[in-house]
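A short write-up of the structure that comes next.
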Amino acid sequence: MELTIANSNQGVGGHRLMSLPTGATVVGIKCKDGVVVATDSLISWGTMILTDKGIKAFKLTDTIVLASAGLTSDYQMLVNRLKAQIKLYELREKKDISVKALAKMVANTLYARRSAPLFVQTVIVGVDDAGPSLFSLDMGGSLLSEDVTAAGSGTQMAYGVLEKMYDEGVTVKKAEDIAVQAVRAGIARDAQSGGKIHLMIVTEEGVTEKSLEH
162 MELTIANSNQ GVGGHRLMSL PTGATVVGIK CKDGVVVATD SLISWGTMIL
212 TDKGIKAFKL TDTIVLASAG LTSDYQMLVN RLKAQIKLYE LREKKDISVK
262 ALAKMVANTL YARRSAPLFV QTVIVGVDDA GPSLFSLDMG GSLLSEDVTA
312 AGSGTQMAYG VLEKMYDEGV TVKKAEDIAV QAVRAGIARD AQSGGKIHLM
362 IVTEEGVTEK SLEH
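Take the position in the sequence shown, starting the count at 1, then add 161; the result is the number in my numbering.
Structure below.
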């Protein structure tokens, strides 16, 4: 995923094209006993690496995680806004927010911003009374419930692994290995993906984080 915008202050015809840091490989897998999400950790600006220690997956509640490819400042702002909205929701409703309700909250936020969009591809995973859930969203707010998904500039490489290895009803333990291999494929072939592999495993007991060398 790469975004190019025009800067009206410089360049031919008063415009200069700038590449924004939108690359990533993000993978989500729904399992019979939980959900696994994995990301790379590289953040770049055009051809320059800004850091290989970037965070692209965030714990929103005790059992819900959001992962995102896209413009770093946009998904950081989205996460901060969602944390505040979750607190308001739980105070008002007097119950924990469900994965589906949170996914709809994100979809509404993105749709409302479609004329000035947040440049993000978002994956939301979690476990609640309905069981494990996985949702993917584009920057226009389209919301899909899925068993397996990938996002970011490494999507094609990741799907090559996912389509070969994923089976319905996979366990969290097996899904961890699949997710790691899928992100490794993205890192190996996508110039905008790299760094470490960040895993977040969500079960009814909570969220477990792991960091692996690719």
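C-beta atoms are modelled at their ideal positions from N, C-alpha and C, and glycine is treated no differently.
Measure the CB-CB distance between Gln336 and Ile190 and report whether it falls below 8 Å. For the sequence presented, residue 336 should be read as Ala rather than Gln. For Ala336 and Ile190, yes; Cβs fall inside 8 Å.
I need the boundaries of the beta strand (DSSP E) containing Met209, first residue and last residue. Unbroken beta strand (DSSP E) run through Met209: 209-212.
Please report whether the beta-carbon of Gly292 lies at a distance below 8 Å from any beta-carbon of chain D. As a matter of chain content, chain D is missing from the structure shown, which is built from one protein chain.
What would DSSP say about Gln353, mapped onto helix, strand or coil? Coil.
With three or more beta-carbon pairs closer than 8 Å as the criterion, would you say the stretch 352-372 touches the stretch 210-222? Flag = yes, the stretch 352-372 and the stretch 210-222 touch.
In DSSP terms, what Leu287 is bridged to: A quick correction: the sequence has Gly, not Leu, at residue 287. DSSP, once it has assigned bridges, lists Ile225, Ser294 as partnering Gly287.
Starting from Ile247, trace the alpha helix (DSSP H) in both directions and tell me its first and last residue. Unbroken alpha helix (DSSP H) run through Ile247: 233-254.
With DSSP collapsed to three states, give me the class of Val260. Note: Val260 maps to helix in three-state DSSP.
Are three or more beta carbon pairs between the stretch 299-309 and the stretch 266-279 nearer than 8 Å? Yes: at least three Cβ pairs fall under 8 Å.
Quick one, are the C-beta atoms of Val344 and Ile358 less than 8 Å apart? A contact, by the Cβ cut-off of 8 Å.
Ile362 (DSSP reduced to helix, strand or coil): Looking at Ile362 - three-state DSSP - the assignment turns out to be strand.
Out of curiosity, what's the CA-to-CA distance linking Thr186 and Met266? So the two alpha carbons sit approximately 24 Å from each other.
Out of Thr212, Val322, Gly330, Gly292, which has the shortest C-alpha to C-alpha gap to Lys261? It is Gly292 whose Cα lies nearest to the Cα of Lys261.
Residues in the same chain with beta-carbon distance under 6 Å from Gly330, minus the five sequence neighbours each way, listed in chain order, please. For Gly330, where only same-chain residues beyond five positions count, the Cβ hits under 6 Å are Lys193.
For Asp223 and Ala312, I'd like the C-alpha separation in whole angstroms. Separation of Asp223 and Ala312 (C-alpha to C-alpha, rounded to the nearest whole angstrom) is 23 Å.
CA-CA distance, Val188 and Ser229? About 10 Å.
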